[in-house]
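These notes concern the structure reproduced below.
Chains as they are written, first to last, in this note's numbering: chain R, 2 to 509; chain F, 2 to 509.
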């Protein structure tokens, strides 16, 4: 029997590591946690929508109460600023409350009633359909959002909202932040009457693998690198019983500055792009990766401003040694692929995982292949173009992305229409005259895109994230007593589809 | 270069085969068809919801016009009765019209608008989200519904409704029926203004494999055996880019007769079960596979009636030699696993693929393992039980199914509640006092269940089948001119979610 590894935590600002007092979760313990989750599933479902909405609100309060402690722990483990981390907790609590609202609103169960009647193809029985929770879900948190895409993130919030118990694999970059987040969530769930086993936390890669191969796990969520995502997907594909893998993996997000935009507001776009690319150390999956900028006057002014900003920028602490090493390696590869250094920020010193911000340049006609690699960190490539045709060709050579952006000027409607059409086919979100970072959490959000950015229809941001954990079920000629409340004849508190017609709830 | 095989057609009633004049689709031709489909995708989307609704209605009319010819062809290729096949075409035309209705109604695009506003976590940009067609879809038809789950089936109807071009692999059991169905559909699409390339038909296994490995195919649907489904899934899992595989595979559907039901209406249930199990030669995926019947008086009467019906039943023509051979093999395996012959129908003679209906018996306490194997054909196993505990244990040992059924008597509410709970976890539809065959096509239908019955959330029957071919897309701060009609500010002809609130369309 292999001994269980001790879990360590490292401060990326100093590179100094320390033991946490935690160790990898033992295989037998994973088994127990999954069994508890399985037992909790029907109780969590039985808590009902109102009960679960209250549990989600209770979690939001608990995270707010623990905010100072959570932030100070996360600052030490991630190198992200306290301000950014405080905001991230607000994002989490907003998200838990938004899911509480969605659970109360009730559209997400898709309640649908077809009464028995004669149809053109014979008598139709009474049919009632709604979505039910799938069962225990395994969640793999991301390194770059220690709260909003980790233990207290959208996957946890949406899975619990759906009524599915969660088993969360703590990210090895922030084990103590994970533990403290989990403690707040666990206490809140208990206080709100959620069953024991509604949430569990495991440490270590082996425990994570044990989760995704376990027959009782009904779905897996993952936010991280393409290579790790592919590894997990391969493991899942070898299961006896297939289960969905919801991966958010890799994205080189294009941003196109039209000639009109470059002429009208070069400095403003340069400043906005700089902020978007260097915020949070450039470690955001929606960070613009390649900016297409016209050659000539406006484009030159924009690049010149951007170049100054990057040149003056301080070194940035990255989340862990792996990401910092990878950043330097990718820069080397991009230069080997023909990119040139346009500007480089202050060269960092010291022992932490600190890197210099970089502005690389290339010709739009050279984009594709080695230049279309995602680089986690404060780097952007500016691709200069002579004509929009060059941009069109380059976009066709880039892999699909989570988001794409257009900055346009006055009177460029036909150009914008053409660009929008081209970018829609290869992305999940299209941003106009703004920046794709700072993903709004709301009903109409979609944070996904064609492979390799994601591999699923619904993703982890926005209300529809809840759909990933639900399965349809139909009752035929069922007595009222066995039907869920939402499908009973006179229930009228949520939107329902009755004989094909959408009916809004009655005012309470 | 391997030569292309000639496509043959066989009459299962006689076992006599003949050449069709068709041959396998050549690899180069598959490539051309996929390229045409890819080119058609944006045009089919641009046809708009009303244009696509009309195309679907046009297909329904074309199938009705071709009905006699289609039915006579299918009778020769499938051995199914003309009456059954005429009804199946009605089911198809009803389905195309239902999808036209759903496309016009427009809920399925999930139009959602979040206006720009201040939120508790800062300013939120304007976001507008809806579902867009994914692109070309590969469809593998089933043997047992030469119309409703084949070329003219729900997969084709729902994919075209969503705006996705279809590439259909003709089932080798009914090539001419496939061809004639396709000709009707193709002509109707052209007449309705759908682009060339909206639908294509290919013949041969190699052509089918070429489709699912092709990078331009965005999703695959399949209705057929678990083993073939697993083979296709393995091929898809080896693609560079994962795509969804919507499989409907295998199902042993349990039917439970409570003591009260057995006492109250034993003959009626026996008659209904007999009809459900032998209809269409028992070749329905929703056919009850194992019926749990109480020991003692009522149960004895029920089994006695069922036994007489089976004993007197004529031999039945199965769809092809493979299914007939498999039927005999599975009977052997069931007997080897401990089942006993309770009744056997008339032993068939002649050269066709004809088998005798069978009633097998076992004890409920022996169900599971080898007795829980799907048997395509006119066979049902009656499992006698002494107590409901035995039924509960047996249900836990059976694989999940598409459908489960409860027949209950008066005053058995607590028992029904307990059974319903147990059956809900392992099925996709729960039928009360009826039979799971004859799947109603409607808004509230769900024809799916946990693996191995299906591997997807949405399945091929009911309006939500359309969801399988759509991907979400979000526009951020987009000018009206680039937005789809459904997301423009003043559009009010479909249900939309505005700032989190569902809003019904304005009366026209």
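Positions of the beta carbon are idealized from the N, C-alpha and C atoms, including for glycine.
Quick caveat, the model's predicted, so the values are computed rather than measured.
When we look at the beta-carbon of residue 422(R) and count the other beta-carbons within 10 Å, is it buried (16 or more) or exposed?
-> Residue numbering aside, residue 422(R) sits at position 421 when the first chain is read from its first letter. Classification for residue 422(R): exposed.
Rounded C-alpha distance that separates residue 464(R) from residue 445(R) | The residue given as residue 464(R) occupies position 463 in the first chain. The residue given as residue 445(R) occupies position 444 in the first chain. Those two C-alpha atoms are separated by around 8 Å.
Should the segment 284-294 of chain F be called in touch with the segment 246-256 of chain F, which here means at least 3 C-beta pairs below 8 Å?
-> yes
What does residue 160(F) reach in chain R if we use C-beta pairs closer than 7 Å?
-> Here residue 160(F) is taken as the residue at index 159 of the second chain, counted from 1. Residues of chain R passing the Cβ test: none, with the nearest at roughly 15 Å.
Cutoff 8 Å: residue 306(R) Cβ touching any chain F Cβ = Position 305 of the first chain, counted from the first residue, corresponds to residue 306(R). Answer no: the Cβ-Cβ gap between residue 306(R) and chain F never drops below 8 Å.
Identified DSSP bridge partners for residue 289(F) | Stepping through the second chain from its first residue, residue 289(F) is reached at position 288. Looking at the DSSP assignment, residue 289(F) forms a beta bridge with 254(F).
Confirm, please, whether the CB-CB distance from residue 293(R) to residue 436(R) is below 8 Å.
-> For the purposes of this step, residue 436(R) is identified with residue 435 of the first chain, where counting begins at 1. For the purposes of this step, residue 293(R) is identified with residue 292 of the first chain, where counting begins at 1. No, these two residues do not count as a Cβ contact at 8 Å.
Roughly how far, in whole angstroms, is the beta-carbon of residue 461(R) from the beta-carbon of residue 222(R), given that I think they are within contact range, below 8 Å?
-> Here the question's residue 461(R) lines up with position 460 in the first chain. Here the question's residue 222(R) lines up with position 221 in the first chain. At roughly 7 Å, the Cβ-Cβ gap stays under 8 Å, so residue 461(R) and residue 222(R) are in contact.
Would you tell me roughly how many angstroms separate the C-alpha atoms of residue 420(F) and residue 378(F), rounded to the nearest one?
-> Locating residue 420(F) in the second chain gives position 419, counting from the first residue. Locating residue 378(F) in the second chain gives position 377, counting from the first residue. So the alpha carbons of these two residues sit roughly 27 Å apart.
Residues, ordered as in the chain, of the segment 104-115 of chain R that lie near chain F by beta-carbon distance below 7 Å = 108, 113, 114, 115
In DSSP terms, what residue 222(R) is bridged to = Residue numbering aside, residue 222(R) sits at position 221 when the first chain is read from its first letter. In the DSSP output, where bridge partners are listed per residue, residue 222(R) has 140(R), 247(R).
Please list the residues of the segment 396-425 of chain F that have a C-beta atom closer than 7 Å to any C-beta atom in chain R, keeping them in chain order.
-> 414, 417, 418, 421, 425
For residue 131(R), which beta-bridge partners are listed by DSSP?
-> In the first chain, counting from the first residue as 1, residue 131(R) sits at position 130. Its beta-bridge partners are 474(R).
If you count every other CB in all the chains shown that lies within 10 Å of the CB of residue 96(F), and 16 or more means buried, which is it?
-> Translated into positions along the second chain, residue 96(F) becomes position 95. Answer is buried; the Cβ neighbour count reaches 16.
Among 442(R), 417(R), 454(R), nearest to residue 427(R) - alpha-carbon criterion | In the first chain, the residue the question calls residue 427(R) occupies position 426. Of the candidates 442(R), 417(R), 454(R), the one whose C-alpha sits nearest the C-alpha of residue 427(R) is 454(R).
Tell me whether residue 159(R) is buried or exposed, calling it buried when 16 or more other Cβ atoms sit within 10 Å of its Cβ.
-> Numbered from its first residue, the first chain carries residue 159(R) at position 158. So residue 159(R) ends up on the buried side.
Can you grab the Cα-Cα spacing for the pair residue 310(F) / residue 128(R), in whole Å?
-> The sequence position of residue 310(F) within the second chain is 309, counting from 1. The sequence position of residue 128(R) within the first chain is 127, counting from 1. For residue 310(F) and residue 128(R), the distance between alpha carbons rounds to 30 Å.
Just the Cα atoms here: how many angstroms apart are residue 257(R) and residue 368(R)?
-> The residue labelled residue 257(R) in the question sits at position 256 within the first chain. The residue labelled residue 368(R) in the question sits at position 367 within the first chain. Looking at the two C-alpha atoms, the distance is approximately 13 Å.
Of the residues that make up the segment 425-446 of chain R, which ones have a beta carbon closer than 9 Å to any beta carbon in chain F?
-> 425, 426, 428, 429, 430, 431, 432, 433, 434, 435, 437, 439, 441, 442, 443, 444, 445, 446
Between the segment 220-239 of chain F and the segment 37-50 of chain F, are three or more C-beta pairs nearer than 8 Å?
-> no
Is the segment 24-41 of chain R touching the segment 211-221 of chain R, taking contact as three or more C-beta pairs under 8 Å?
-> yes
Please determine if the segment 71-88 of chain F and the segment 201-210 of chain F are in contact, where contact requires at least 3 C-beta pairs separated by less than 8 Å.
-> no
Find the nearest neighbour of residue 443(R) within the set 98(R), 14(R), 70(R), 270(R), judged by alpha-carbon distance.
-> Locating residue 443(R) in the first chain gives position 442, where the first residue counts as 1. Nearest option by C-alpha distance: 98(R).
Take residue 468(F) and list the residues in its own chain whose beta-carbon comes closer than 6 Å to its own, dropping the five residues that flank it on each side.
-> As a first step, residue 468(F) must be located in the second chain, where it is residue number 467. The residues are 459.
Are the beta-carbon atoms of residue 143(F) and residue 151(F) separated by less than 8 Å?
-> Locating residue 143(F) in the second chain gives position 142, counting from the first residue. Locating residue 151(F) in the second chain gives position 150, counting from the first residue. In this structure, residue 151(F) lies closer than 8 Å to residue 143(F) by Cβ.
Examine chain F for any beta-carbon lying closer than 8 Å to the beta-carbon of residue 494(R), and answer yes or no.
-> Position 493 of the first chain holds residue 494(R). Chain F, which has no Cβ nearer than 8 Å to the Cβ of residue 494(R), makes this no.
Indicate whether the contact test is met: 3 or more Cβ pairs, each with one atom in the segment 80-93 of chain F and one in the segment 59-70 of chain F, closer than 8 Å.
-> yes
Contacts that residue 456(F) makes with chain R (C-beta to C-beta distance below 8 Å) = Locating residue 456(F) in the second chain gives position 455, counting from the first residue. Within chain R, the residues near residue 456(F) are 243.
Buried or exposed: residue 84(R), going by 16 or more other Cβ atoms within 10 Å of its Cβ?
-> Counting from one through the first chain, the residue named residue 84(R) turns up at place 83. Flag for residue 84(R) reads exposed.
Give a yes or no on whether 8 Å exceeds the smallest Cβ distance from residue 459(F) to chain R.
-> Here residue 459(F) refers to the residue found at position 458 of the second chain. Yes, residue 459(F) lies at the interface with chain R (some Cβ there is under 8 Å from its Cβ).
Residue 322(R): which of 41(R), 27(R), 80(R), 46(R) sits nearest, CA to CA?
-> Start at 1 with the first residue of the first chain, and residue 322(R) comes out as number 321. Per the Cα distances, 80(R).
Chain F beta carbons: is any one of them nearer than 8 Å to that of residue 483(R)?
-> Here residue 483(R) corresponds to residue number 482 of the first chain, with the count starting at 1. Yes, residue 483(R) counts as interfacial toward chain F.
If we ignore side chains and look at the alpha-carbon of each, how far apart do residue 392(R) and residue 363(R) end up?
-> The residue labelled residue 392(R) in the question sits at position 391 within the first chain. The residue labelled residue 363(R) in the question sits at position 362 within the first chain. Answer to the nearest angstrom: the Cα atoms are 12 Å apart.
Which residues in the same chain as residue 247(F) place their Cβ atom closer than 6 Å to its Cβ, once the five residues preceding and following it in sequence are excluded?
-> The sequence position of residue 247(F) within the second chain is 246, counting from 1. 222, 457, 469, listed in sequence order.
Starting from residue 122(R), follow its DSSP beta bridges and name the residues at the other end.
-> Residue 122(R) sits at position 121 when you count from the first residue of the first chain. According to DSSP, which records beta bridges pairwise, residue 122(R) is partnered with nothing at all.
Taking the C-alpha atoms as reference points, what is the distance between residue 109(F) and residue 133(R)?
-> Numbered from 1 along the second chain, position 108 holds the residue referred to as residue 109(F). Numbered from 1 along the first chain, position 132 holds the residue referred to as residue 133(R). When rounded, the distance between both Cα atoms is 19 Å.
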